[in-house]
Amino acid sequence: MKHVLVLKVGPVQGYIAQARRTRDLWYGSQVLSNLARAMAVSLLESGATLVFPHPDQTRDARAGVANKVVALVEDAPEQAARRAREAAKSRLRAEWERVFNKCQSMLIPGAEALAAEQLDTFLEVHAAWAPVEDAPMGYAAALAEAERALESRRGLREFAPWKQRPPEGTHKSSLDGARPSLLRRERQTGHLWRDFRIGLREELDALGVLKRAGGQPGQFVPVPSIGLAAWLQVAGTRHPELLARLRAACEARNFQSVSVKQRPWVESFPFDGQLLLPERWQPYFEECAIPEPRQAAARFGSEFVAPLRQAMGADAEPFPYVACLVADGDRMGRALESLAKRPDGHLAHQRVSQALADFTRKARAIVEVEHRGVLVYAGGDDVLAFVTPLDAPACARALAVAFRATLEGALAGTGAEVPTLSVGLGIGHVLESLGELLALGRRAETAAKKAGRDALGILVAKHAGRERLWTAPWGTDPVARLESDMALLSRDIQPLPLGKVHEVAALARRFPAGVASAPELAEVLRDEAGRILARAEAGRAPKPLTPADVGLELSSATAPQDALERWASRLLVADTFARAGRGLASAQDKEVAR
Amino acid sequence: MSDACFALLPRDGLSAKDGRGWYTSEVGRGYSLPWPLPTTVRGALRAAWGHERMADQGITLSPETWERDSARVVLRRFIALRRALGEPVFTRAHRMWPIPADAVRVLDEAGTERLVRLEPHPGGAATLGPDEDDAREALWHPCRSTRGKPLTQPLFWPEATMVAWLSGASDSLAPEREAPPPRTDIHLAIDVETQASQDSMLHSREVVEWLRVQSRDAGRLTLEEWALGVSCAWPDSVKGLPHGQLGVGGRRRLSDVERLDSDLFVAPEGLARATRGLRLVLATPAEFQRGWLPDDFARVAGAPPRYVGRLPCIDAPVVLRAALVPRPLEVSGWDMVRRQPRATRRWVPAGAVYFFEKLGGEDFTAGELCKLWLASWGGGHAEALGQVLPGVWQPPRHGQGA
Numbered sequence: 000m001k002h003v004l005v006l007k008v009g010p011v012q013g014y015i016a017q018a019r020r021t022r023d024l025w026y027g028s029q030v031l032s033n034l035a036r037a038m039a040v041s042l043l044e045s046g047a048t049l050v051f052p053h054p055d056q057t058r059d060a061r062a063g064v065a066n067k068v069v070a071l072v073e074d075a076p077e078q079a080a081r082r083a084r085e086a087a088k089s090r091l092r093a094e095w096e097r098v099f100n101k102c103q104s105m106l107i108p109g110a111e112a113l114a115a116e117q118l119d120t121f122l123e124v125h126a127a128w129a130p131v132e133d134a135p136m137g138y139a140a141a142l143a144e145a146e147r148a149l150e151s152r153r154g155l156r157e158f159a160p161w162k163q164r165p166p167e168g169t170h171k172s173s174l175d176g177a178r179p180s181l182l183r184r185e186r187q188t189g190h191l192w193r194d195f196r197i198g199l200r201e202e203l204d205a206l207g208v209l210k211r212a213g214g215q216p217g218q219f220v221p222v223p224s225i226g227l228a229a230w231l232q233v234a235g236t237r238h239p240e241l242l243a244r245l246r247a248a249c250e251a252r253n254f255q256s257v258s259v260k261q262r263p264w265v266e267s268f269p270f271d272g273q274l275l276l277p278e279r280w281q282p283y284f285e286e287c288a289i290p291e292p293r294q295a296a297a298r299f300g301s302e303f304v305a306p307l308r309q310a311m312g313a314d315a316e317p318f319p320y321v322a323c324l325v326a327d328g329d330r331m332g333r334a335l336e337s338l339a340k341r342p343d344g345h346l347a348h349q350r351v352s353q354a355l356a357d358f359t360r361k362a363r364a365i366v367e368v369e370h371r372g373v374l375v376y377a378g379g380d381d382v383l384a385f386v387t388p389l390d391a392p393a394c395a396r397a398l399a400v401a402f403r404a405t406l407e408g409a410l411a412g413t414g415a416e417v418p419t420l421s422v423g424l425g426i427g428h429v430l431e432s433l434g435e436l437l438a439l440g441r442r443a444e445t446a447a448k449k450a451g452r453d454a455l456g457i458l459v460a461k462h463a464g465r466e467r468l469w470t471a472p473w474g475t476d477p478v479a480r481l482e483s484d485m486a487l488l489s490r491d492i493q494p495l496p497l498g499k500v501h502e503v504a505a506l507a508r509r510f511p512a513g514v515a516s517a518p519e520l521a522e523v524l525r526d527e528a529g530r531i532l533a534r535a536e537a538g539r540a541p542k543p544l545t546p547a548d549v550g551l552e553l554s555s556a557t558a559p560q561d562a563l564e565r566w567a568s569r570l571l572v573a574d575t576f577a578r579a580g581r582g583l584a585s586a587q588d589k590e591v592a593r
Numbered sequence: 000m001s002d003a004c005f006a007l008l009p010r011d012g013l014s015a016k017d018g019r020g021w022y023t024s025e026v027g028r029g030y031s032l033p034w035p036l037p038t039t040v041r042g043a044l045r046a047a048w049g050h051e052r053m054a055d056q057g058i059t060l061s062p063e064t065w066e067r068d069s070a071r072v073v074l075r076r077f078i079a080l081r082r083a084l085g086e087p088v089f090t091r092a093h094r095m096w097p098i099p100a101d102a103v104r105v106l107d108e109a110g111t112e113r114l115v116r117l118e119p120h121p122g123g124a125a126t127l128g129p130d131e132d133d134a135r136e137a138l139w140h141p142c143r144s145t146r147g148k149p150l151t152q153p154l155f156w157p158e159a160t161m162v163a164w165l166s167g168a169s170d171s172l173a174p175e176r177e178a179p180p181p182r183t184d185i186h187l188a189i190d191v192e193t194q195a196s197q198d199s200m201l202h203s204r205e206v207v208e209w210l211r212v213q214s215r216d217a218g219r220l221t222l223e224e225w226a227l228g229v230s231c232a233w234p235d236s237v238k239g240l241p242h243g244q245l246g247v248g249g250r251r252r253l254s255d256v257e258r259l260d261s262d263l264f265v266a267p268e269g270l271a272r273a274t275r276g277l278r279l280v281l282a283t284p285a286e287f288q289r290g291w292l293p294d295d296f297a298r299v300a301g302a303p304p305r306y307v308g309r310l311p312c313i314d315a316p317v318v319l320r321a322a323l324v325p326r327p328l329e330v331s332g333w334d335m336v337r338r339q340p341r342a343t344r345r346w347v348p349a350g351a352v353y354f355f356e357k358l359g360g361e362d363f364t365a366g367e368l369c370k371l372w373l374a375s376w377g378g379g380h381a382e383a384l385g386q387v388l389p390g391v392w393q394p395p396r397h398g399q400g401a
């Protein structure tokens, strides 16, 4: 008898978020994707018909595979599930053995036993299966039953206490704070520690070592370099000789370089972008164990970095922020449910899985080729990437357009509602931990969903300031709106002073709640906002600004307090993007940027 | 020696760090637990007791003596409290309880937020877990009847909501609003020579804020004040209370000490009544020898195999029917005497729910439920671990007998 078999591998969210460096995040996602792929391959070998992911994705090692696998199994679903579970476990062990052989010299004696326990207790594979009745809705009913059982089963996350005892006083992993570290206490300055960017006081358990050392040392673009991609690209065009000097100085000090192809901004300066930030010189030199780091860092900065920064001009300071882009399909469940009820339900699902595989391929090109970003993961309807702030809104829009277009093709003629893509952009400091940046991106994506889905959400978290959130549906062309706001804030003639935006925000915040129910108060609020905008700024305003000039809609249909708060948030978000591009937007630079 | 009952009211937030080390020049961010663990509070009480003893007797305790002698400070009860700012005393109505894992907040198809209950039933599709355990797979897997996207839950429920839930209230309870997220304190390091801030030493630390906005209606702000309710053995003290303020958690942030009535820890009225099935919610984390599986339970062969065992305060053997256990709480303490980290302990988090029937099929009595209120289950009694809240459960008649 035919069964629908659903498997899930985890943990996902928490495990991926435990990351300090780009490589942690990227390889953590890669590990989970590989485990899901191993389960899918095992099911194919068991004679199952794969529904999710599409069989093509199991053959493409670069393609991301979502953590949920769905298949049709003719007989013995339990055995197929067991084999798939064992395939995932074997894959994890194989990944570890490869990394262990590479990193053994960094690990404590007895690390194998500790690692074996950590790996065995890490993996959560759950499966559920239900028979497919020979009826028109047989597939849909069985899938719903199996998914319900799987969700229920995952309410119990069984675990056992640790049995292996690490050496007394062993510290915990810096990534999860729970599993004991496997790294030797006596740190050396050897190439392995340096290649994998393991700090002097950092601690890593088996999963942490796997993340940190799973890839090749030079294959990851550091997050500061992604954040400063636009600045670096312009610097490389305007002052190639100064950038080359800086690059040579980094090479002479044997700083770890990045070797990725087809990224002009990385190729012109293949080192960590934090070297452009004066406050990071000394910590970076300390991390590289350079003698007398304080003096050496100061010399390096004044001789090689400061000249380049000065040449770029005071109005083109590197803006040390990066966008964490998190995207997720909207109403995918509803669309899949509707397709499952068709007589050819599983075939319709396969067409969707094929379309999602196409989308993930497009997503890589959109992020990495078209928008100076780095794709961490694209699988199913999920995307996680880091992009320079200047490119982030356009990148988000391109992904949303590509997603909809791809799904439209797969759902043509089915009558199912075409899913859309909600995208969140969390803008945070480049030195923020990857887990925090990811949390920002996820919160922005959740805000986009709450704003009605099919929307963009932007959450700006300054290093020591208030967070600013703005959401808008894709239908209102939010990217054009932001561009127009950025122009408003930075135009040569009569720019909108940021102080007025803050003043309007403060006005909205301080006014008593419930203004909407008091028309006279609403009128006062509108008038006061108009007065703030119209007030002449010491010799800078040839004519008073009006709400219409600055895109502030104060219609009677919207509560004025909400309108003011929303406008101020939008302008403050736009200001972040304007700062990211400040001094980089000459006609020539725009050409380069294209 | 009678127990001392008091509330700890942190005056400037509280930061209980998790196991991740952090250095200002590297990550620059300290992570705090969303709520302090009983171990943190017992540690603070032991430290306070040692300081008091030294001050009273004019002696200096060595770390080893301090550790040995302060072991008599035993935490017996540990609950969260919340009251409107300005209310003079804490009462039972102010108790807050961890949200049980059998309560799920969902956004239904109509976009309405609903609170739904997970009910265990036998049968359903077959499942497979991460390893081989037929008795565990034979447990009933609680599922919900309402569809919708699950939403994140706040940490705690107020007394009235919890009591209604334990009494078997329907799904229509109003969802509790979110508590505000922890605040982040930003710090600088000042260079002694230049009296200016040092490069790369900007760092931050998450802090749980204990004074929060409760409501903001028509321009009027109501504040709520949170506290930790503690009942503990406090040896050698006439007053039965720590003197003065107490340092708790990271950087020993000061907490006021306010006397509580011992009545604050007793069972609510009307909850205890006979019930065919028992629902046990963990009010504090539990430490079991085998991880998620409660102590004193063993696999009994049969078709299907079952876990049968004993519960505290109940004489008859019981059958474990279902369990809702989130991922383990990993506790990584610091040994203050040896100045080194302790081995990680893995606890069942507060809010986990276990469902039982008596092996003989008889009801749990009202008296048994009453005895179970805040009874200690599993290990770690000195740290108030494994305290349970009993609730009623009507298991379906499935024809198998218990």
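If you're matching them up, the sequences are chains A and B in order.
In terms of numbering that gives the first Met the number 0, the first sequence opens at residue 0 and continues consecutively.
In terms of numbering that gives the first Met the number 0, the second sequence opens at residue 0 and continues consecutively.
Quick reminder that beta carbons are idealized off the backbone N, C-alpha and C, glycines included.
Since we're looking at a predicted model, the values are computed, not measured.
- Here the alpha carbon of A/Pro317 sits roughly 56 Å from the alpha carbon of B/Met53.
- Going by DSSP, A/Ser421 is part of the beta strand (DSSP E) stretching over Thr419 to His428.
- Between A/Phe121 and A/Pro10, the alpha-carbon positions lie close to 8 Å from each other.
- Leaving aside the five residues that flank A/Leu174 on each side, the residues in its chain whose CB is nearer than 6 Å to its CB run, in chain order, Gln17 and Gly207.
- The three-state reading of DSSP puts B/His202 in strand, counting E and B together.
- Within the region 146-162 of chain A, the residues whose Cβ lies closer than 8 Å to any Cβ of chain B are, in chain order, Arg147, Ala148, Leu149, Glu150, Ser151, Arg152, Gly154, Leu155, Arg156, Glu157, Phe158, Ala159, Pro160 and Trp161.
- Sequence-ordered contacts of the region 189-204 of chain A with chain B read Gly198, Arg200 and Glu202 [C-beta pairs closer than 7 Å].
- A direct Cα-Cα distance of roughly 33 Å separates A/Pro342 from A/Tyr376.
- The region 234-246 of chain A and the region 193-210 of chain A do not touch, with fewer than 3 CB-CB distances between them shorter than 8 Å.
- In terms of Cα proximity to A/His501, the closest of A/Gln218, A/Thr57, A/Ala356 and A/Arg465 is A/Arg465.
- Residues are counted here when their Cβ sits less than 8 Å from a Cβ of chain B; for the region 166-182 of chain A these are Glu167, Gly168, Thr169, His170, Lys171, Ser172, Ser173, Leu174, Asp175, Gly176, Ala177, Arg178 and Pro179, given in chain order.
- Taking a contact as a CB-CB distance under 8 Å, the pair A/Val3 and A/Val69 counts as one, their CB atoms being some 7 Å apart.
- Looking at the DSSP output, A/Tyr138 sits in no beta bridge, so it has no partner there.
- Its chain contains Ala234, His238, Leu241, Leu242 and Leu245 as the residues whose beta carbon lies nearer than 7 Å to that of A/Leu307, once the 5 sequence neighbours on both sides are disregarded; these appear in chain order.
- In the displayed model, B/Met95 falls within a strand according to three-state DSSP.
- Within 8 Å of the CB of A/Leu430, the CB atoms of chain B belong to Gly27, in sequence order along the chain.
- The beta-carbon separation of B/Leu210 and B/Met200, rounded to 29 Å, does not stay under the 8 Å limit for a contact.
- Sorting A/Arg193, A/Ile197 and A/Arg92 by C-alpha distance to the C-alpha of A/Leu182 places A/Ile197 at the top.
- Taking 8 Å as the cut-off, the Cβ atoms of A/Pro52 and A/Val64 count as close.
- Rounded to the nearest angstrom, the gap between the Cα atoms of A/Gly344 and A/Ala83 is 24 Å.
- A residue is called buried once 16 or more other Cβ atoms fall within 10 Å of its Cβ, and A/Arg97, having fewer, is exposed.
- Remark: C-beta atoms of B/Trp233 and B/Val103 do not approach each other more closely than 8 Å.
- In the DSSP secondary-structure assignment, B/Asp184 is bridged to B/Arg204.
- Residue contact with chain A for B/Leu263: absent (no Cβ-Cβ distance below 8 Å to any residue of chain A).
- For A/Pro306, the three-state secondary structure derived from DSSP is helix.
- Each residue's CA atom was taken as its position, placing A/Pro130 and A/Leu149 some 14 Å apart.
- Taking CB atoms only, A/His125 has a neighbour in chain B less than 8 Å away.
- Note on B/Arg251: under 16 other CB atoms within 10 angstroms of its CB, so exposed under the neighbour-count rule.
- Between the beta-carbon of B/Gly27 and that of B/Ser203 there is about 7 Å, and that keeps the pair under the 8 Å contact cut.
- Here A/Tyr320 carries a strand assignment [DSSP, helix/strand/coil].
- Taking CB atoms only, B/Asp184 has no neighbour in chain A less than 8 Å away.
- B/Leu388 has B/Val280 as its beta-bridge partners, per DSSP.
- For A/Ala297, the nearest beta carbon of chain B is not closer than 8 Å to its own beta carbon.
- It is roughly 29 Å from the alpha-carbon of A/Val417 to the alpha-carbon of A/Lys1.
- DSSP lists B/Ala83 and B/Arg211 as the beta-bridge partner residues of B/Glu223.
- The CB of A/Arg164 comes closer than 7 Å to the CB of Ala342 in chain B, given here in chain order.
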